[in-house]
Each structure stands twice: as structure tokens, then as C-alpha cells.
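Counting in the numbering used here, the sequence shown tops out at residue 867, every number present.
Ideal Cβ positions, reconstructed from N, Cα and C, are used throughout, including at glycine.
Please read the structure below before turning to the comments.
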Amino acid sequence: MESTSSNEILIETAITIEDDGAVVASLEKKLLQEEPHFVTRKSCIFRVPARIREIDDEAFIPKVVSIGPYHHKKLDQYEAMEKCKVYYLKHFLSHRPSITLKDCVEMLKGLEEEARGCYADNVDLTSDEFVEMMMLDGCFIVEYLLRWWKPELRDYQNSNEHPLLRFSYLTTMCVDDITLLENQLPFFVLEALFNLINNISDSEKLWQVSFTGLALVIHYRRHADVYCNISDEYKPIHLLDVSYGCYITSECTKELCAIKWGTIPTATQLQEAGVKIMAAPKVTPLLNVKFENGILEIPGLIVNSRLKLRFQNMVALERCYYSGSYVLNYLRLVDHLIDTSSDVLLLKDRGIIINLFGDDEEVAEMFNNIGSSVVSTVYSQYTDLYEKLNHYYANPWRKWKAMLKRDYFNSPWSSIAFAAAAMVLIWTLIQTICTVIQTVKQFET
């Protein structure tokens with residue numbers, strides 16, 4: 423019995439040693455593999471998180487042009503625009519003949535390592551492929567912006583000239599594509615290419631504009647309704663961030679405080695409680711919503727089919743890169759103000775919403791979907807605003823006063839009729855009192 427037991431122990435030990443050897447070999451093999459790509463503090467261009475993407479995947483996929491490495495492998499899908507990029511490269515180089523193609527490539531090779539570090543996901547391109555991608559995509563964007571900024575650079579006599587500017591539907595889709603979160607080149611790459619042909623010396627500058635100023639063409643092309651007062655100190659990380667910087671001004675970036683109120687009344691309910699809702703001056707940044715002395719000021723907004731795409735990519739940028747959720751908090755605020763088509767109609771009447779999207783019900787549904795599609799934050803720049811609005815709405819006297827004004831004083835004729843009725847009532851009351859007094863006196867005598 424003892425011998426049998428001893429043999430079993432030896433067999434089990436041998437199996438264990440053999441198993442350990444297999445585990446060690448497997449781990450050693452893993453250790454020899456290339457180190458994985460980690461997100462670093464320099465990462466600023468991300469793939470959209472699955473939690474956000476699953477809501478509307480199409481909002482993050484380019485339709486006509488691929489920029490950067492994330493969609494580079496799908497070039498067959500964007501074949502027409504790849505040919506257009508070569509055409510734009512030729513025109514880009516023609517602006518400054520003394521700058522050669524080799525000069526551009528050498529400069530980009532010097533930026534390759536830093537540019538790769540901007541991508542949060544692994545970039546599966548060789549060094550040559552990556553530099554060529556930066557060259558074609560970067561020169562395409564710079565030339566595209568130049569032709570929007572300087573219409574004289576377009577040759578309308580040439581039927582092959584600038585197809586993007588000859589077909590409005592392509593222009594619209596292209597502008598949308600180059601401001602998608604996943605479809606970006608680092609801003610410093612674009613700026614370096616622009617400066618290479620423009621900033622030889624102050625006296626020889628081709629265009630008296632910084633690349634940040636040039637990039638604002640995209641903002642005003644897509645957000646003509648949104649006033650932009652971007653500061654000189656602002657350093658964009660890519661083209662989407664240029665528009666984001668126009669939204670997030672110093673006036674809007676108040677301290678984010680814990681939200682005490684989960685919601686606020688709708689626009690219709692606030693009006694019924696006596697809140698005066700009006701459009702803010704045109705130069706007011708979009709996120710700068712104010713409530714003072716019973717007046718709620720909201721900056722105007724053009725609502726069209728591209729608005730949803732714009733906001734979704736900015737929210738994704740906030741979630742991936744920025745610590746604050748200013749745009750998301752704004753969307754939550756609008757979601758609370760708009761519940762039904764009657765709220766949209768009210769905001770339209772006040773000049774706050776210009777509806778180019780569809781009927782009012784569709785607009786309400788769009789804001790409700792955007793505002794509730796992402797996990798909410800517990801901190802907001804609108805904490806004080808929520809508190810003021812809720813306290814104002816909770817006052818029953820204000821509701822009664824607003825109802826009285828709405829029902830009896832909504833026009834001069836209503837006021838006159840009410841005053842006349844009040845005078846008749848008072849006169850009748852006086853007559854009644856006099857009659858009672860006279861009757862009492864007669865009874866006493």
C-alpha cells in the first residue's frame with residue numbers, strides 16, 4: 423500500500439513539474455512579444471468608446487474622406503478622395519516652389535514619433551506609410567482650408583478644379599468628416615505644413631494669418647450660428663478641438679459644482695410660472711445660459727440634420743480627453759427645457775431655436791435622445807442656474823401672478839375689460855352695502 427501511494431505522489435509531482443514548465447514557456451513567449459500600446463498623457467485622438475458609439479455608430483464614421491490612421495485601411499471606400507488628395511498635394515507645393523516634396527517629408531519624419539504618440543490606439547502603419555499618410559492628409563486639409571478662406575485660389579474655369587467646392591453635398595460631408603473625433607491629424611502637424619510654405623519670413627509671407635485663424639474657417643462653415651471668441655492662448659489639439667474651443671470660452675467654464683437638483687421645469691412650465699424667456703445677444707457664447715431677475719437668457723441655435731453629429735463628437739471628445747463635461751451639461755440643460763413640441767414652439771417664438779431640421783416633435787425627440795444618451799455627470803457649470811430656476815418655480819405667488827397676467831392682462835383690450843368688470847363689481851358692492859345700511863336704518867326706526 424505504501425509503495426503504491428509513493429508512486430502516485432511521484433507521478434503527480436512529475437505532472438505538476440511538466441505543467442509548470444508549460445506555463446513558464448507560455449509566459450516567456452508573452453514577455454518576448456512587443457509591448458502593447460498604452461494611452462499616455464499626450465494621447466488626444468481616440469476611437470470613440472463603445473458605450474457612446476453603440477447609440478449612433480454612423481455619427482463617428484467618415485462618409486467621403488479618411489484622415490489619419492484609424493480609417494486608413496479602408497481606403498477602397500474613399501478611393502475618389504484619395505485621388506483628390508494627390509491633386510491637392512500638387513497645388514499645395516505650387517504655393518512655394520522653393521519648398522520641395524523632400525523638404526516636407528523630412529520635416530514630417532522629424533514629427534513622426536510625437537504624432538504617433540497622439541493616437542490612443544495602436545497605429546498599424548510602417549514609418550514610411552505613416553509619413554506618407556500625414557503628407558497626403560495634411561496637405562489636403564491645409565489646401566482645402568486655404569481655398570475656403572481665399573476664394574480667388576479656386577479656378578472655376580477649370581471643370582476639374584476643386585470638385586469639393588463645385589458639389590455642395592460633397593462639401594458638406596467633407597466638412598463633417600474632417601471634424602470627426604476618429605478622423606484627425608494632430609494640429610501641430612497641420613500647422614507645421616502650413617508654416618513651411620507661409621512663414622519663411624514676415625516680409626515673404628503668402629498669407630497674413632495664423633493656422634489657428636485659418637482653421638476657424640471650419641468652425642464658421644459648420645457653426646455660423648455660434649459666436650467664437652477663441653483666445654490667442656488656446657492651443658488646439660486637432661480640428662474638432664478648434665470648434666470645441668469656440669464653445670468652451672472663459673465665460674462658460676465656471677467651476678463645476680455638484681448637482682443638487684436632478685432636473686428643472688420645461689420651458690413651457692417656466693413661462694407659466696412667470697419666467698421671461700428670451701434670446702441672448704448674438705455675441706453670447708452658446709453655453710452661456712443665464713437667469714437673473716426672472717429672465718432666462720438662452721443663446722440662439724440653428725437646428726439642422728448635422729447638429730446631432732456635431733454634439734455627439736464633442737461629447738465623445740470630452741469623455742476621452744477633457745476632465746469637464748461642459749457640452750454634455752449644456753445638452754442636459756436643453757433636454758430638460760425641451761420635453762415636447764410645445765417647448766420647441768415656445769423657443770422658436772422667442773428666437774432661440776431656428777428649426778431647419780423637421781417638425782417640432784422631431785426636434786424635441788432629437789434633444790431628448792442626445793441629452794439622455796450618455797451617462798450623466800454629477801458636476802455641472804449650471805448648478806446655480808438649476809437652483810435659481812427651481813426656487814423661482816416653487817413660489818406659488820409667481821405662478822398665480824403669471825396666470826392672472828396671461829388670462830386677464832394679455833392684451834390692452836383684456837386689461838380694459840378686466841378694469842371695467844372690476845369697476846362694475848366694486849360699484850355693485852358699494853350699492854349692496856348702501857342698500858343694506860339703508861335697510862338696517864329703516865328697521866331700527
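Per DSSP, the bridge partner or partners of residue i
i: TYR801; result: ALA680
i: PHE713; result: LEU718
i: ILE699; result: LEU718
Three-state secondary structure (DSSP) of residue i
i: ILE792; result: helix
i: LEU723; result: strand
i: TYR752; result: helix
i: LEU775; result: Looking at the sequence provided, one finds Ile at residue 775 rather than Leu. Three-state DSSP puts ILE775 in a strand.
i: GLY541; result: For clarity, residue 541 is Tyr in the given sequence; the question names Gly instead. TYR541: strand per DSSP, three-state reduction.
i: HIS660; result: coil
i: ILE852; result: helix
i: TYR743; result: coil
i: LEU603; result: coil
i: THR861; result: helix
i: CYS526; result: helix
i: LYS627; result: coil
i: CYS650; result: coil
i: LEU708; result: coil
i: LEU847; result: helix
i: ARG728; result: coil
i: SER763; result: helix
i: ASN817; result: coil
i: SER376; result: Absent from the model: residue 376. The displayed extent of the chain is 423 to 867, so no value can be given.
i: GLY532; result: helix
i: GLU809; result: helix
i: GLY780; result: coil
i: ASP546; result: coil
i: ILE640; result: helix
i: PHE589; result: coil
i: THR634; result: helix
i: GLU655; result: coil
i: THR685; result: coil
i: MET423; result: Below a pLDDT of 50, predicted positions are generally treated as unreliable, and MET423, at 47, falls in that range; the measurement from the model is reported next regardless. Coil.
Residue i - containing alpha helix (DSSP H), residue span
i: LYS704; result: Unbroken run through LYS704: none, as it is neither H nor E.
i: TRP571; result: 549-571
i: GLU613; result: 609-620
i: THR671; result: It is not in any alpha helix (DSSP H) - THR671 carries neither H nor E in the DSSP assignment.
i: GLU694; result: 689-694
Any chain B beta carbon closer than 8 Å to residue i
i: ILE855; result: Absent here is chain B; the protein component of the structure consists of one chain.
Can you check the region 448-520 for any alpha helix (DSSP H) of at least 4 residues that lies completely inside it and give the ranges in chain order? 472-475 and 501-516
Quick check: the region 762-776 against the region 705-715, are there 3 or more CB pairs under 8 Å? no
Pairs of beta-carbons, one from the region 504-520 and one from the region 552-559, closer than 8 Å: are there three or more? yes
Do the region 480-499 and the region 514-526 make contact, defined as three or more Cβ pairs closer than 8 Å? no
Touching or not, the region 734-749 and the region 685-699, by the rule of three or more beta carbon pairs under 8 Å? no
Kindly confirm or deny that the region 727-744 and the region 467-482 touch, where touching means at least three C-beta pairs closer than 8 Å. yes
So does the region 669-680 actually touch the region 699-709, counting three or more Cβ pairs closer than 8 Å? yes
Counting pairs of beta carbons, one from the region 471-488 and one from the region 530-548, are three or more of them closer than 8 Å? The way I'd put it, the region 471-488 doesn't touch the region 530-548; fewer than three beta-carbon pairs between them come closer than 8 Å.
Counting Cβ pairs, one atom from each stretch, are 3 or more of them under 8 Å apart for the region 654-665 and the region 603-613? yes
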